[in-house]
Amino acid sequence: MKNFNTIDQELAEKVQTVLVNTFPEGLPEGFSSSVVKTADARNGDYQCNDAMALAKALRKNPREIAGNLAAGLADPEMLSSVEVAGPGFINFRLNPAWVAKRLVDTDAHAARGTPAAGEGKTVVIDYSSPNVAKPMHIGHIRSTVIGNALDRLHRFCGYTVISDNHLGDWGTQFGLILLGYRHFLNADALAASPVQELERVYVESYQKSKEDESWLEAARQELVKLQQGDAENLALWEKFVTLSLGEFEKIYQRLDVRFDLHRGESFYNDDLPGVLARLESAGLLVESEGAQVVDLEEEKLGVCIVRKRDGGFNYATTDLATVFSRVREFKPETILYVTDERQQRHFKQFFTVCEKLGEAVSLQHVWFGLMRLPEGTFSTRQGNVIKLEVLLDEAERRALEMVKTSSPDMPEDQQREVARAVGIGALKYADLSQNPQSLVTFTWEKAMALDGNSAPYLQYAHARIRSVLDKHAAQFPEDDVAGAAPAAELPVEQVLGLKAVQFPEAVIGATRHYRPNYLADYLYELAQNYSTYHQSVPFLKSEDGVRESRMRLIRMVADTLKTGLGLLGIEAPERI
RNA sequence: GCCCCGGUAGCUCAGCUGGACAGAGCAGCGGACUUCUAAUCCGCAGGUCGCAGGUUCGAACCCUGCCCGGGGCGCCA
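For the first sequence, position 143 (counting from the first letter as 1) is numbered 132 according to my numbering, and the numbering increases by one without interruption.
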């Protein structure tokens, strides 16, 4: 299969070639040419700013460099103009005929012209990772939705992806849960809503431990028994895990999220002593205040505790074991961790330890801003959490209201199906369309926006095209759409065609920077361009020849929208 | 006290290795459905990019200081 290059990259390579020829004495150390999209279409489609940077380094006149460069870059087939402007900008305008051809070429390609940047590379993505015995709430949605988009994006770019749900299934809370389960359990409640009941007994047990020292001690004993493999506690623990996984799975199905692995912390339990031994033999282990730690003061990261004073291991130890195991088993180039911002220091710590141990893997913490409520942070103990299940229900309910008013003739089961895709899509898009690192304050209104820059806007554009295409197929069964060249006569068509052909740049950018919002922005612009087009020309009433070309163009736009939404984990129904 | 983020239009946010007069959505105002989905489109209005310096041909973006908000800082994860 043909391997495509993105347009900006293709132009940058042209520039590089000309530069190497123009400056046989060599370019500045570390210099590599770059071409970017213009901010303003009046300046062209792409621009190169290298002349200014080079002028400084080579002590030459930027306009002169730009002039020479522009002359060497002339390529009438691809570029309708190459012009020098301002202090030394080189502006490129693509030839609409070239764009149209490109469109056709990429249309035949499974990844719509996206380069296989990840060919031969493996990436492990660790995301979602809820705690066993606690219901998932709105705090989990960002990790799940962003992690899943990164998962899809990487696969699309040719990476081998191992998605792993690193469940919080092992830790001190289980002592309290075991005790609470034995004393406070309501069997009916457990049957009705297992995880909610498990959480309830945990909270009750936790509260009792606050006022009753002996209760806390008893919980510690239960934990020790569990860790030593006590059959009864182990069986209960397994039950907690199974029940929780079952409930999480319902949420994941609704969100269309699948994992390759569900390896919780407990999976690495037997490896923990080995981690310590390895640190020991690497000379990194130090005793401090009774605990075993790795000293990271030099890196200004404090100390990383790998064995507690009481002899127990903690999360840093588990995370190290997890890295070792993943590296051994999957040989990944990169491991991505998608969690909220609070864990930055922890990740820096154990990343540094891995580096000291010489682990040959790139560890990346993709963190996102913590979700807050308008009245402040939320927590289980304050009782102001919004459960994920409730959130999904509400999203679908609001979408259904809208579907019923806008498509009253649609059969009811289809209305529900559309409402599901639209409601869940809106929710996901709300998270994916902004910079992950910005703070987010949860509001129902924002999370479930159904107009403006929202998933339903994109889904609507897509469904409109499908509807036009279906009507066209019914009215003009003789038309050869597949054989028609995409329309590129009118300015609106050229704008739309160019946007469509830039899809790979958005995908690559989103993947490389771990920023799904780059793709979301792009798709929104594509849908906007389509909506303008839809408004300004007739389709079914356009003349023979023109009609097929327009169908060809919008069909490709629809496919691009659908593919792009798919990469964000959002469905694109045929009708909405 | 130290470290990490954020501060852009009334509100919610983009702004992709510094680039050409700062962009959307919502809300507001004015227009467009006897054509294919008006969940739409077109137009108007709205900003000292937290503040003050600095680097640069060029700064919302880089550096320094300060102000405000969020988070983190040894045995929770």
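We treat Cβ as the ideally placed atom computed from N, Cα and C, and that holds for glycine.
Since we're looking at a predicted model, the values are computed, not measured.
Residue burial annotation: Arg455 is buried, with at least 16 other C-beta atoms found within 10 angstroms of its C-beta. Within the model, the alpha-carbon separation for Lys123 versus Phe339 is close to 26 angstroms. Within the DSSP bridge table, the entry for Glu72 names Asn80 as partners. The segment 307 to 324 makes contact with the segment 256 to 264: 3 or more CB pairs, one atom from each, lie closer than 8 angstroms. In the DSSP secondary-structure assignment, Tyr326 is bridged to Asp115, His354. In the DSSP assignment, the residues bridged to Ala280 are Ser277. Counting the other Cβ atoms within 10 Å of the Cβ of Trp356 gives 16 or more, which makes it buried.
In the three-state reduction of the DSSP assignment, Ser538 falls in the helix class, which pools H, G and I.
Taking 9 angstroms as the cut-off, the Cβ atoms of Phe528 and Met545 do not count as close.
Comparing alpha carbon positions, the residue from Pro363, Ser520, Leu512 closest to Gly555 is Leu512. Considering only Lys90, Pro51, Val7, Val295, the residue with the shortest C-alpha distance to Gln483 is Lys90. If the five residues before and after Ala271 are omitted, its C-beta is found closer than 8 angstroms to the C-beta atoms of Lys345, Leu346, all from its own chain and listed in chain order. Between Val490 and Tyr522, the beta carbon gap of about 15 angstroms keeps them out of contact (Cβ cut-off 8 angstroms). Counting along the chain, the unbroken beta strand (DSSP E) around Arg296 starts and ends at 292 to 296.
The beta carbon of Leu487 sits closer than 7 angstroms to the beta carbons of Asp34, Leu83, Val88 from its chain, once the five residues preceding and following it are set aside; these are given in chain order. If you look at Ser152, you'll find it in the beta strand (DSSP E) that goes 149 to 153. Taking the Cα positions, Asp548 is about 59 angstroms away from Gln210. By the Cβ neighbour-count rule, Glu537 is buried, with 16 or more other Cβ atoms within 10 Å of its own. Annotation: Met67 to Asn10 spans about 21 angstroms, alpha carbon to alpha carbon.
Among the bridge pairs identified by DSSP, Tyr35 is matched with Lys26, Phe81. In the DSSP assignment, the residues bridged to Lys376 are His126. With contact defined as three or more Cβ pairs closer than 8 angstroms, the segment 179 to 188 and the segment 248 to 256 are not in contact.
A residue is called buried once 16 or more other Cβ atoms fall within 10 Å of its Cβ, and Ala349, having fewer, is exposed. Across the structure, Asp533 and Phe492 are spaced so that their CA atoms are roughly 29 angstroms apart. Counting only runs that start and end inside the segment 166 to 198, the alpha helix (DSSP H) elements of at least 4 residues fall at 176 to 181. Leaving aside the five residues that flank Arg387 on each side, the residues in its chain whose CB is nearer than 6 angstroms to its CB run, in chain order, Met437. Closest in C-alpha terms to Val190, from the list Trp433, Lys551, Asp140, Leu167, comes Leu167. Between the segment 94 to 111 and the segment 317 to 329, the count of C-beta pairs closer than 8 angstroms reaches three or more; the two stretches touch. Look at Leu142 here: in three-state DSSP terms it is helix.
The Cβ-Cβ distance between Ala138 and Leu508 falls below 9 angstroms.
Our two residues, Ala59 and Pro17, have alpha carbons roughly 20 angstroms apart in a direct line. In the DSSP assignment, the residues bridged to Leu250 are Asp153. Residue state for Asn303 is assigned as coil, using DSSP reduced to three classes. Taking C-alpha positions only, Cys293 is separated from Leu273 by approximately 11 angstroms. Within the model, the alpha-carbon separation for Leu156 versus Asp115 is close to 10 angstroms. With a beta-carbon spacing of about 6 angstroms, Val71 and Ala63 fall inside the 8 angstroms limit used to define contacts.
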